[in-house]
Structures are given as structure tokens and as C-alpha cells.
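The structure under discussion appears below in the form of C-alpha cells.
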Amino acid sequence: MNLSPFRMTLLGLSLLIPAALCAVVLFLLIYSGQAIGFNGLHFVTDINWNLGDLYDDPVTVKGIQIPSGANYGILVFIVGTLLSSFIAIIIAVPLSVGAAIFLAEAVPPRIRPVLSMLVELVAVVPSVVFGLWGIAVLIPFIGHYIAPTGNGYGLLAASIVLALMITPIIATTLLDALMQVPKENRESAFALGATHFEVVSKAMMPMVRTTLVGGIVLALGRALGETMAVLMVSGGGINILPTSLFSPISTIASFIVAQLDSAESDPTNMAVRSLAEIALVLFIITLAVNAGAKILSSGALHVRKRQH
Amino acid sequence: MKISAKLRRSGVAALAVAAVIGTAGIAHAATTLVETGSSLLYPLFNIWVPDFSAANPGIQLTTTSTGSGAGIAQAAKGLVQIGASDAYVSDSLEKKNPTLLSIPLAISSQAINYNLPGLNDKNIKLSGPVLAAIYMGKITMWNDPKIKAMNPGVDLPDHVIIPVHRLDGSGDTFIFTQYLSASTPAWAKTLKYGTAVSWPAITGEIGAKGNTGMLSAAAANPYSVAYIGVSYANQVAKDGLGVAMLKNKAGKFVLPDADTVGAAANSVVTDTPPDERISMIFADGDNAYPIANYEYAVVNSQQPDATTAGAIRTFLSWAITSGNSMQYLSKVHFLPLPDAIKILSQTQIAKIQ
Amino acid sequence: MSASVSIKAAKPARSAQEVRRIIGSNIGWVACGFALLCVIGPLVDIVAVIAIHGLSAFSGKLFTTVTNGTGGGLLNAIEGTAVLSLGAMIIAVPIGVGAGIYLSEYGQNRLGSTIRFLSDVLTGTPSIVLGYFSYIVFIISLGWGFSVLAGAITLAILIVPYLARITELALRQVPTSMREAGFALGATEPTVVFKIILPGAASGVVTGALLALAISVGETAPLIYTAGWSNYTWDGKLTHAPIGYLTYVIWSFIDQPFAESHALAFAAAFLVMLVVLAINVGVRLVVKRA
Chain A
582 MNLSPFRMTL LGLSLLIPAA LCAVVLFLLI YSGQAIGFNG LHFVTDINWN LGDLYDDPVT
642 VKGIQIPSGA NYGILVFIVG TLLSSFIAII IAVPLSVGAA IFLAEAVPPR IRPVLSMLVE
702 LVAVVPSVVF GLWGIAVLIP FIGHYIAPTG NGYGLLAASI VLALMITPII ATTLLDALMQ
762 VPKENRESAF ALGATHFEVV SKAMMPMVRT TLVGGIVLAL GRALGETMAV LMVSGGGINI
822 LPTSLFSPIS TIASFIVAQL DSAESDPTNM AVRSLAEIAL VLFIITLAVN AGAKILSSGA
882 LHVRKRQH
Chain B
71 MKISAKLRRS GVAALAVAAV IGTAGIAHAA TTLVETGSSL LYPLFNIWVP DFSAANPGIQ
131 LTTTSTGSGA GIAQAAKGLV QIGASDAYVS DSLEKKNPTL LSIPLAISSQ AINYNLPGLN
191 DKNIKLSGPV LAAIYMGKIT MWNDPKIKAM NPGVDLPDHV IIPVHRLDGS GDTFIFTQYL
251 SASTPAWAKT LKYGTAVSWP AITGEIGAKG NTGMLSAAAA NPYSVAYIGV SYANQVAKDG
311 LGVAMLKNKA GKFVLPDADT VGAAANSVVT DTPPDERISM IFADGDNAYP IANYEYAVVN
371 SQQPDATTAG AIRTFLSWAI TSGNSMQYLS KVHFLPLPDA IKILSQTQIA KIQ
Chain C
10 MSASVSIKAA KPARSAQEVR RIIGSNIGWV ACGFALLCVI GPLVDIVAVI AIHGLSAFSG
70 KLFTTVTNGT GGGLLNAIEG TAVLSLGAMI IAVPIGVGAG IYLSEYGQNR LGSTIRFLSD
130 VLTGTPSIVL GYFSYIVFII SLGWGFSVLA GAITLAILIV PYLARITELA LRQVPTSMRE
190 AGFALGATEP TVVFKIILPG AASGVVTGAL LALAISVGET APLIYTAGWS NYTWDGKLTH
250 APIGYLTYVI WSFIDQPFAE SHALAFAAAF LVMLVVLAIN VGVRLVVKRA
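Chains as they are written, first to last, in my numbering: chain A, 582 to 889; chain B, 71 to 423; chain C, 10 to 299.
Spelled out as C-alpha cells, the structure:
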């Protein structure tokens with residue numbers, strides 16, 4: 582292995598990223614240790630989340646001090662996180678791909694920088710602003726035209742907001758990649774008699790597949806971790822599993838924000854430890870999702886190789 | 071090479087400019103005070119800041135809103151000088167931090183608002199047990215016999231109730247659930263009270279963020295009921311929501327206004343202990359409004375240095391004297407402290423060293 | 010041969026399959042255009058909503074006074090956002106771009122895969138978790154109190170995986186031939202990277218940097234617990250002094266019962282977008298000219 586100082590510096594810088602991740606995970610593990618032991622497996626299967634009586638004397642259960650009546654179950658939030666991110670991706674990917682294709686091929690080169698900057702501007706909108714817009718515009722819209730009960734808060738609103746937030750991540754990276762596709766690929770496809778759209782969809786898109794998957798993984802990461810906007814439009818579901826697109830949900834990230842302040846008034850500290858445990862569960866989910874994406878994308882590459 | 075160099079240079083330049091602006095902004099040795107905590111008390115602190123700063127240029131007061139729990143926790147850790155809280159420091163927290171003082175600054179209250187088409191201008195009557203049943207899912211329809219019995223002659227609609235609650239930790243939830251606990255044994259046994267409670271699962275219920283969120287959710291959903299802090303009374307009126315009359319401990323139905331909230335405050339004046347940790351929820355008295363509370367400043371009586379302690383004392387004294395005048399309080403519909411309480415607060419303030 | 014015949018003859022009738030393909034393609038374009046509309050439409054709506062609601066707060070005073078109680082200006086918040094985001098970029102750009110270079114040039118092995126994987130996992134961290142981590146580690150354990158340094162570090166951790174990934178993707182699009190040409194001319198590794206590959210991928214790397222900047226400017230949750238908030242301009246201290254930032258105004262002032270606070274919140278939202286738009290435009294011009 583080439584051990585030049587240049588490569589070593591780069592490697593050192595790169596290793597800082599996993600180091601930061603490990604520091605955070607280690608912190609969460611140490612901090613939530615007691616909670617993990619106390620909560621056991623029913624943490625992820627229990628629907629009921631109860632901080633207990635924070636103003637009364639703590640009781641001792643299983644040798645650990647907890648507020649009386651406390652019970653920590655997060656199934657609701659796991660389901661909320663997975664559903665909202667999944668639906669957000671389903672909405673965002675076609676939108677991003679379509680937008681990127683249109684920008685790369687159908688828009689006159691002079692307008693392209695302006696429009697692509699508009700797409701990037703969507704990424705600039707702060708999360709809280711998406712939440713405000715959601716409450717002011719999106720939720721009444723869903724309530725009036727889409728929801729059967731007239732209530733716009735819930736899973737659909739959260740998913741749409743998430744989708745809008747993550748679309749620029751996929752779209753801009755994809756756009757850049759499409760612009761970099763060598764001219765020869767386009768021209769040879771045209772020469773074969775393909776329509777313009779077919780040139781893009783059949784000749785150019787396959788070449789940017791890794792970039793697309795990379796963008797989707799980044800976007801999914803952001804969707805899983807998004808807090809503020811979801812907090813404002815999700816309807817704050819607690820103790821109830823979502824049954825439809827219009828049920829209130831809570832995602833793990835938004836729930837942590839919502840509960841953190843109350844958890845700090847827990848004299849036994851069990852509440853914050855359980856919140857740290859929830860964060861750990863989210864890490865595991867993100868790990869699983871990323872691993873899944875990796876397997877899928879390497880599987881796709883294998884298929885392509887065999888066809889050639 | 072050129073690009074990254076240019077970017078690097080402009081980035082460093084920008085940071086240098088920012089630093090210069092920053093240091094130019096502060097050419098004085100002012101004492102900085104940071105307050106954080108209750109979002110209920112936050113608007114009042116903000117109203118106080120301009121006039122207090124003008125009267126005391128040597129003290130720079132920063133106000134933040136993070137929630138009562140964070141307010142107490144950060145005051146205890148010394149991260150902030152003043153923690154604002156809708157709840158006094160609980161016994162168990164007091165045991166862990168015996169130097170924390172709970173100093174009332176003003177009196178706030180909470181309204182139960184609802185959105186019933188056609189009935190928003192008639193103050194329908196509700197009670198603690200009825201509200202508890204609604205938020206537990208035991209009463210689901212507006213024309214339930216229990217609600218009808220309380221409102222003879224009112225044409226209550228045959229429609230599902232949509233209960234709205236706070237999803238974030240909140241002093242409003244705290245005093246609302248205290249009211250439910252004090253008036254309904256079933257609630258007190260299972261759900262108790264707190265800045266966040268384990269709301270039972272009810273189809274159609276909504277969790278909203280902040281009082282603004284409660285207001286938006288109630289306004290957007292007919293047949294909803296929500297608990298909203300009284301500082302929002304103007305917005306509530308503007309959005310055309312109804313204000314409910316609540317049944318107090320004496321069995322009378324009252325609206326939240328200066329008389330009824332004042333009556334609640336006065337009823338606990340003689341019972342208030344020197345550490346001022348007392349609740350006036352569900353207070354005695356024919357005219358007492360059942361959801362009223364002291365807004366507390368939680369301060370560590372042991373401060374790192376005398377200047378900070380002095381600055382805190384100056385501010386708190388100002389708050390309970392000049393700050394307690396109606397020109398400030400009326401903007402948030404709070405009430406001033408009774409004189410006897412002001413004396414108790416002043417005694418506690420003197421303890422800050 | 011049919012070729013010479015077709016030159017003289019009129020355009021041959023399209024086969025059914027061809028017609029299907031053409032219709033399909035046209036539908037495809039319409040769908041893509043619609044997609045673009047769906048992405049940009051809400052943005053226009055958001056900007057309009059923000060601008061209208063924030064209108065009453067707009068005046069020269071906005072940029073010259075600090076937040077004072079329920080209203081005032083945004084000087085402290087603007088300065089704070091600038092300081093925090095710049096600080097975050099100063100920390101994150103070398104690490105992120107360096108990692109991106111490593112992963113694209115030398116990272117096609119197990120170590121590279123692992124780093125890439127863990128970096129992606131880091132993007133899934135909720136910002137509040139990073140904020141709480143920094144709160145316990147820097148603010149409390151290390152005793153920094155609310156501080157600029159903690160805020161900048163937290164933001165940097167948040168944005169560095171995006172920088173790394175997008176830099177890597179951009180560098181991978183640069184054709185291998187350019188690298189080989191550089192090495193063939195006898196250039197050293199650093200020269201090839203900095204003078205040939207990076208400039209070739211400049212637009213992609215800049216896109217990544219701008220995205221990272223945008224994310225950092227729009228973040229609230231991590232800063233609430235690390236930078237705190239201050240009603241006053243920054244006093245230059247990296248630790249033991251809280252600082253203001255625009256997103257805090259949006260988050261907290263919208264929840265106050267005063268119209269002027271709401272207007273200030275929307276004005277802050279508008280400014281956030283304006284500031285990053287300006288940086289976006291400015292940097293793109295720099296890159297184009299270079």
C-alpha cells in the first residue's frame with residue numbers, strides 16, 4: 582500500500598467521519614446503558630410510552646430507580662419513522678428523476694442555471710419554514726380535498742413535507758451526473774434512432790445509476806433524521822399505531838425533540854436515558870436501511886454485468 | 071486550485087469581518103444574564119426586556135424559550151442564570167438541588183377553547199371530569215348526555231369530538247393535567263400530571279406543537295377542543311374560537327378573566343409557604359377560575375460571583391415591582407402578584423448570592 | 010438498396026411501434042416537466058407566503074438592530090448564523106472534501122467501503138441527537154457552556170457526510186483518462202488531484218459545499234442545545250458565550266402571541282433563503298470564471 586504523506590493525510594481526514602459517528606454511538610450506548618437493561622426487548626414492541634409521575638418520589642423496579650408508572654415503548658415511533666420516510670422516498674424519487682431529466686435535456690441551456698438554482702433553493706428552506714408552510718398551506722389543502730375526515734395533520738402531510746425536503750438532494754446530484762455523461766453515449770443512441778426521451782431514459786440514466794442510488798441513500802438518511810418540519814405537521818401520534826395515511830404519527834427524531842425538555846425534569850434521569858436508547862434504535866434502523874441499499878445496488882450491478 | 075484558494079480566502083475574510091463586528095459591538099463590561107425555559111413565560115420576558123435594558127444598561131438580558139424542564143435543568147447546572155418554569159421545583163428535584171429557589175413572577179391562566187360551528191360565541195360549559203373523559207376517550211360525541219346535562223338548552227351537534235393536545239413538553243399541558251388530576255380521581259390515578267403525559271389513544275386526536283400549533287389545529291378542525299394559554303386570548307378571539315366556562319371546585323361555572331383568576335390567586339395567598347411552592351389549580355372559592363398558576367423564575371441561590379448575583383437580584387426585583395404593572399401584563403393577559411406574595415418573593419430574591 | 014430509394018422517396022409511414030414510442034416519449038417529457046413543476050411550485054409558494062407574512066418587519070432597522078424583546082431587528086441573528094455556518098464549513102470542508110478525494114481515488118477497497126457506509130449512516134442521525142451529544146459532551150462535561158465552538162462542531166458533524174459523499178460522486182464522474190494523462194506527464198499525486206481532478210469536478214464539489222452550507226444555515230435543533238441564543242451581537246468568545254442565529258427566531262418567535270414577533274420570524278426565514286441564494290449565485294459565478 583502506498584503510504585505517501587498525501588494519502589495518509591487524506592486517510593486521516595476521512596477517518597474523522599467514522600470517528601465522529603463512533604463517538605456519538607458510544608456516547609449513546611454509555612448514556613442509555615441503564616435504560617437498555619431496564620427496558621429490554623419490549624422497548625421496541627410496546628406501543629405505550631409513559632414518562633411516569635415526574636413529580637412524585639421515584640420507585641425502584643428491577644433494582645433501578647424510575648418514576649412511578651413509567652413505561653417506555655417505542656413501536657409507534659419506529660412505525661412512524663419507517664412509513665413516513667418510505668412514502669417520502671416513493672414520492673421524491675420520481676419527482677427528482679423527472680426534474681433532473683427535464684433540467685438536463687429539455688431546458689434551454691440559458692435558463693438551466695436559473696432553474697437548477699431554484700431546485701437547490703428548495704434545499705435551503707429551513708426545516709421550520711417547511712413546517713410553517715405545511716401548517717399554513719399543505720394541511721388545509723389535505724384537509725379540504727384529500728382527507729376523508731377533514732383533518733390534514735398526519736402521515737401524508739409528514740411524508741409530503743419530507744419528500745419536498747429531500748428531492749433537491751437527489752435531483753441536484755443526479756443533474757450534475759447527467760450533465761457529465763460523455764457526448765458519445767448520447768450521440769450514438771440518437772444515431773440508433775432513439776427518440777430524445779429514449780436517449781435519456783435508456784442510454785444516459787443507466788450510466789448514472791450509482792450516483793442515483795448514492796443520492797437516494799443520502800436523501801433517505803436525511804428523511805430518517807428530520808425533526809422540525811415533521812414535528813409540526815405529523816399530528817403528534819402517541820400510544821396509537823397509524824391506520825391510514827391520515828392518522829397522526831410521530832417519528833423518532835421528532836419525538837425526541839418533543840420529549841427532551843420534559844425528560845430533563847425526570848429526577849431519576851431514566852427518561853433521557855430512554856430517549857438516548859430511542860436514538861440508538863434509529864441508528865440501527867439507518868444502518869439496516871443503508872446495508873439494504875448497498876445490497877440492492879451491488880445486486881443491480883451484478884445483473885447488468887451478466888447481461889453484457 | 072484557484073477556486074479553493076479563492077473560497078478559502080473569502081471564507082477567512084468573512085469570518086474576520088464577523089469577528090470585528092462582534093468585538094465592535096461589545097466595548098463594555100456588561101453583565102450577561104441568560105434566561106431560558108417556559109414558553110408560557112417567554113412572551114412576558116420579551117415584553118420586559120426593552121424597558122428593563124433601558125433602565126439598566128449595565129445588564130444584558132437574553133431570553134430564550136426551551137421549555138420548563140430545560141429551564142430548571144439548566145438553571146440547576148449553572149448554564150443559565152434564570153430558569154423560567156410554569157411549575158415549581160418538585161420535591162424530588164429539590165432534594166437533588168437544594169439551592170434552587172422557585173420565585174413567582176406573575177400569575178397566568180389557561181382557557182379551554184373549542185371550535186363548534188354556530189356555538190363559538192356561546193360559552194358552553196365544561197368540567198374537569200368531562201374533559202378528562204374526553205381526553206381519555208370515554209366521551210366521544212359532543213351531544214353526550216354528560217355534556218348535554220351541563221348545557222341545558224344548547225343544541226350540541228351529533229359529531230365526534232376531536233381532542234387536541236400538546237405534543238411538545240409544555241407548561242400548558244402541566245396545568246391542564248393538574249386540573250384534570252385535581253378534579254377527576256380516575257385521571258389522577260392513571261395519567262397524573264406533567265409537562266408531557268402519555269395521552270391515551272383516541273381516533274382523530276391531534277398533537278400540535280406550541281400554542282400556535284394548538285390554535286391552528288383547533289381553527290382548522292371543526293368539532294375540536296383544545297387547551298390554550300391565556301396569552302393567546304386575542305388570537306383565539308380573532309380566529310373565532312369559543313371559550314368554555316369551567317366548573318370550579320365550588321361547583322360554579324366561570325370564564326377566565328381578571329376577577330376569576332384573581333380570586334384563585336387570592337385564595338392561596340395565606341397558604342403560600344415561604345418557598346412559594348404551591349399550586350392554585352382547582353382553588354377554593356365561588357368565583358375562582360380553576361386553571362391558574364404562578365409563573366416561576368427558578369434560580370440557584372448560589373451564583374459563581376457577586377456581580378452576577380447582583381444583576382439577577384436587580385432584574386427579579388424589577389420584575390415583581392415595575393414589571394408587574396398592567397402595561398406589561400395586560401399584553402399577555404397575566405395578573406400581577408398579590409402584595410403578600412411580592413414580599414415573599416422579595417425575601418427569596420435576597421437569598422441569591 | 011433501400012437506402013438510395015428512401016432518400017428520394019417521401020418520409021416512410023411510421024410503424025405502430027414507432028408511434029407508440031413517440032407517444033410514450035412525449036408523455037415522458039410532460040411527466041418530467043410536471044415533476045419539475047412539483048418541485049419548484051411549492052418553493053415559489055413558500056417564498057411568497059414568507060415574503061407576505063414577513064413584509065411588515067422589513068425595514069432598514071432589520072439589519073442594524075438586535076432582537077429586542079418581542080421584535081426589533083435581526084443583526085445578532087444574522088451575524089450569528091454567519092459565524093456558526095462559516096465555522097462549520099471551516100471544519101467540515103477540509104474533512105469532507107479530503108474524505109471525498111480519498112474515497113474516490115483510493116477508496117475502492119474494504120476500508121473505503123466501510124468509511125463510505127459509516128458516513129452514510131451519519132447522515133441518518135437526527136440533528137437533535139447530535140445536539141444532545143454535544144450538549145452533554147462539550148457544554149456540560151467539558152464545561153464550555155453555550156458556545157460558538159460547540160455549535161460549529163455540531164453543525165460540522167452534521168454536514169460533513171454530505172460533503173464527502175457528493176465530492177466523491179463528483180470526482181468519480183471525471184474520466185480516468187484525465188488522471189492517466191496527468192500521471193503520464195509526470196505529475197505527483199497532489200498535483201493530479203488538486204490541479205486536474207478537482208477543477209474538473211469543480212461544479213459538483215461546489216454543489217456539495219453549497220448543499221452543506223444550506224443544510225447548516227437551516228438547522229435549528231442542534232443549535233438550541235449548543236449555541237443557546239443571545240439577544241446581543243457576538244462578543245468574539247469561542248466558548249462560554251451563547252450566540253444568536255436566524256433559525257432560532259423562526260422557531261421561537263412564531264410561537265409568541267404578538268404579530269410583530271410573527272413578522273420577525275417570517276423575515277428571518279426570508280433572510281435565511283436570501284443569504285444562501287446570494288452565496289449560491291456568487292460562488293457559481295466564481296466557479297464559472299475560474
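By construction, the Cβ of each residue, glycine as well, lies at the ideal position given by its N, Cα and C atoms.
- Annotated three-state conformation of A/Asn652 is strand, per DSSP.
- At a beta-carbon threshold of 9 Å, none of the residues of chain A lie near B/Thr254; the nearest stands roughly 16 Å away.
- Following the DSSP letters along the chain, one finds B/Tyr366 inside the beta strand (DSSP E) bounded by residues 362 to 370.
- Close partners of C/Thr176 in chain A (Cβ separation under 7 Å) are lacking, with about 11 Å as the shortest Cβ gap.
- Nearest Cα to C/Tyr257 within the set C/Gly213, C/Ala210, C/Ile99, C/Thr90: C/Thr90.
- Taken through DSSP and simplified to helix, strand or coil, A/Asn850 comes out as coil.
- B/Asn281 has a beta carbon lying within less than 8 Å of a beta carbon in chain C.
- Cβ neighbours of B/Met315 within its own chain (closer than 8 Å, five residues either side excluded): Asn193, Ile194, Lys195, Leu196, Phe323, Val324, Leu325.
- For B/Tyr297, no alpha helix (DSSP H) segment is defined; the enclosing uninterrupted segment is the beta strand (DSSP E) at 294 to 299.
- For B/Val159, no beta strand (DSSP E) segment is defined, and its DSSP state is neither H nor E.
- Between the region 255 to 273 of chain C and the region 173 to 185 of chain C there are fewer than three C-beta pairs closer than 8 Å, too few to call the two in contact.
- Among the residues facing chain A, C/Phe142 is included, as its CB has a counterpart in that chain under 8 Å away.
- Excluding sequence positions up to five before and after A/Phe722, its CB lies within less than 8 Å of the CB of Gly733, all in the same chain and listed in chain order.
- Contacts with chain C at 8 Å (Cβ-Cβ) include B/Gln305.
- Scanning its chain for C-beta atoms nearer than 7 Å, with the 5 sequence neighbours on each side dropped, one finds around B/Thr384 the residues Asn126, Ile129, in chain order.
- Under the three-state reduction of DSSP, B/Leu186 is assigned to coil, being neither helix nor strand.
- Cβ proximity to chain A below 8 Å picks out Val281, Met282, Val285, Leu286, Asn289, Val290 from the region 280 to 292 of chain C.
- By the Cβ neighbour-count rule, A/Tyr726 is exposed, with fewer than 16 other Cβ atoms within 10 Å of its own.
- Think of a sphere of 7 Å around the beta carbon of C/Phe155: the chain B residues whose beta carbon falls inside it are Leu149, in chain order.
- By the CB criterion at 8 Å, C/Gly152 and C/Ala236 fall outside the cutoff.
- Proximity to A/Leu663 across A/Pro823, A/Gly795, A/Asp637, A/Ala839 peaks at A/Pro823, based on C-alpha coordinates.
- The beta carbon of A/Ser831 does not come within 8 Å of any beta carbon belonging to chain C, so the residue lies off that interface.
- Within the region 324 to 349 of chain B, contact with chain C at the beta-carbon level (separation under 9 Å) is assigned to no residue.
- Annotation: A/Ala844 to B/Ala288 spans about 27 Å, alpha carbon to alpha carbon.
- Listed along chain B are Ser268, each with a C-beta nearer than 7 Å to that of A/Asn631.
- Look at the region 820 to 846 of chain A: the residues with a C-beta under 9 Å from a C-beta of chain B are Asn820, Ile821, Leu822, Thr824, Ser828, Pro829, Ser831, Ser835, Phe836, Val838, Ala839, Gln840, Leu841, Asp842, Ser843, Ala844, Glu845, Ser846.
- Residue contact check for C/Thr123 against chain B: no CB pair falls below 8 Å.
- In this structure, DSSP gives C/Arg181 a helical state, which the three-state scheme calls helix.
- Contact between B/Ile217 and B/Ile419 fails: their C-beta atoms lie close to 46 Å from each other, not under 8 Å.
- Counting C-beta pairs with one atom in each stretch, the region 741 to 752 of chain A and the region 800 to 816 of chain A have three or more that are closer than 8 Å, which means they touch.
- Between the C-alpha atoms of A/Leu745 and A/Val703 there is a straight-line separation of about 8 Å.
- In this structure, the CA atom of B/Lys262 is about 44 Å from the CA atom of B/Ala100.
- With a cutoff of 8 Å on beta-carbon distance, B/Tyr297 and B/Asp345 are scored as not near each other.
- Contact of B/Ser160 with chain A is assigned, a C-beta pair being separated by under 8 Å.
- Every alpha helix (DSSP H) stretch that sits fully inside the region 222 to 256 of chain C and reaches 4 residues is listed by chain position as 230 to 235.
- In the structure shown, C/Ala108 falls within a helical segment according to DSSP collapsed to helix, strand and coil.
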